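S.K.: If you scroll down you'll find the structure; I have some questions about it.
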Amino acid sequence: MKKFNVKNISLKLIAAAVLLNLSVYKTESNLPSLQEKSLNKQFNSNSTACISDVLNRIFERKTLYEKIAESYSGKFIKAGFDYSKKDILAMTMAMEYIESRGEINAISKAGAEGVKQLMPYTAVDYGLINNKDINESFNPVKATIASLEYILRYAKAYDSIDLALLCYNAGPGTVERILKQYPDVRRKHEFPKELLNEESKSYVNKFYFIHKRIKEPEKYGISINPAKLKFKTYKTKKGDNLIKIAKKYHSNEDLIAQYNGIKNKSRIPVNYSLLIPQKR
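Start counting at 1 in the sequence shown, then tack on 18, and there's your number in this note's numbering.
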């Protein structure tokens, strides 16, 4: 499986926030205009082709994420967060942009895996399978559900989406230390940077910056024209193999293996729902 250095992919955006040397870490609702301009400059300084490639790769899976977003919007609203289907869709796609740039096979140096960069122990905690045959962290549907469950859990625990996002990146232990030393964080939504590593200093700000652009790409002059993919599910049975399944659904065995985290293409689990990507 291809190694993918996630930390290196967003160094320009991270550096933009670090160079500002702000004393606190703020959210979009009170994002300093200087930081917004700096992030915007860094975002736009990347080649248009590169940015489009990343967004188009993520938007290939939009139909998958729309169904999930519709389900989770109600859960977030019930928990007291006014997040529409469109908000949840942009949330999960923004996380994917920041975490892995939409690379199905992404693996960080720390061992985080898949498009949502779940650590193996976190994935298992949220019900994902990782055994000798399959690793569901590489299944974008299951990884997205797990990541939204994670955000929802900590958003409810801290009454804050921002703190939930910070948990996702820096870990709940870091957030607990911040709250102990700075109890007003919940009210002010200002995170002291001295308690965060370089990546975490800009994570929430960067999330909102990308979230806005994914939610309204036309407003920011971003052109989205992804490859036309559709997806089916197939319940495997004894005697199945990926070559036969790929031929039946006009797909590709390597692509099916990637989208399902199949470790050995000659051995697939029986009675398992495979996600089958197809080109239209």
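By construction, the Cβ of each residue, glycine as well, lies at the ideal position given by its N, Cα and C atoms.
Just so it is clear, the structure is predicted and the values come from calculations on it, not from any experiment.
1) DSSP state of E131, grouped into three classes?
2) Using the beta-carbon count (16 or more within 10 Å), is Y18 buried or exposed?
3) I think L146 touches K160, with their Cβ atoms under 8 Å apart; what is that distance to the nearest whole Å?
4) F249 lies in the beta strand (DSSP E); which residues open and close that run?
5) State whether the segment 165–185 contacts the segment 212–229, with contact taken as three or more CB pairs (one from each stretch) at a distance under 8 Å.
6) Name the one or two DSSP bridge partners that Q296 has.
7) Which value, in whole angstroms, describes the spacing of the CA atoms of S269 and K250?
8) Given a cut-off of 7 Å, decide if I76 and M113 are closer than it, judged by their beta-carbon atoms.
9) What is the rounded straight-line gap between the Cα of K96 and the Cα of Y176?
10) If contact is defined by three or more beta carbon pairs under 8 Å, each pair taking one atom from either stretch, is the segment 252–267 in contact with the segment 136–150?
11) Look up K146 in the DSSP assignment and say whether it is helix, strand or coil.
12) Does DSSP put L82 in a helix, in a strand, or in coil?
13) How should A245 be labelled, buried or exposed, when 16 other C-beta atoms within 10 angstroms of its C-beta is the threshold for buried?
14) Can you tell me which of the three DSSP states L136 falls into?
15) Just to confirm, is the Cβ distance from L73 to I242 under 7 Å?
16) Anyone know if the C-beta pair for E154 and G239 falls short of 7 Å?
M.R.: Reading off the structure:
1) Here residue 131 corresponds to residue number 113 of the sequence shown, with the count starting at 1. Three-state DSSP puts E131 in a strand.
2) The chain is shown only over 19 to 298; residue 18 falls outside these bounds and no answer can be derived.
3) Residue numbering aside, residue 146 sits at position 128 when the sequence shown is read from its first letter. Residue numbering aside, residue 160 sits at position 142 when the sequence shown is read from its first letter. Confirmed, about 6 Å.
4) As a first step, residue 249 is located in the sequence shown; it is residue number 231 there, counting from the start. L247 to K253 is the extent of the beta strand (DSSP E) around F249.
5) yes
6) The sequence position of residue 296 within the sequence shown is 278, counting from 1. K248, per the DSSP bridge assignment.
7) Here residue 269 corresponds to residue number 251 of the sequence shown, with the count starting at 1. Here residue 250 corresponds to residue number 232 of the sequence shown, with the count starting at 1. So the alpha carbons of these two residues sit roughly 10 Å apart.
8) Residue numbering aside, residue 113 sits at position 95 when the sequence shown is read from its first letter. Residue numbering aside, residue 76 sits at position 58 when the sequence shown is read from its first letter. Not in contact: M113 and I76 (Cβ atoms no closer than 7 Å).
9) Along the sequence shown, read from residue 1 onward, the residue named residue 96 stands at position 78. Along the sequence shown, read from residue 1 onward, the residue named residue 176 stands at position 158. Each residue's alpha carbon lies about 15 Å from the other.
10) no
11) Indexing the sequence shown from 1 puts residue 146 at position 128. Per the sequence presented here, residue 146 reads as Leu, with Lys not at that position. Here L146 sits in coil by DSSP.
12) For this step, residue 82 is matched to residue 64 along the sequence shown. Helix, per DSSP.
13) What you label residue 245 is simply residue 227 of the sequence shown in a count that begins at 1. A245 is exposed by the Cβ-count criterion.
14) On the sequence shown, residue 136 is found 118 positions in, with the first residue counted as 1. L136 falls in the strand class under three-state DSSP.
15) Taking the first residue of the sequence shown as position 1, residue 73 is located at position 55. Taking the first residue of the sequence shown as position 1, residue 242 is located at position 224. Contact: yes.
16) For the purposes of this step, residue 154 is taken as the residue at position 136 of the sequence shown. For the purposes of this step, residue 239 is taken as the residue at position 221 of the sequence shown. Contact flag unset, no.
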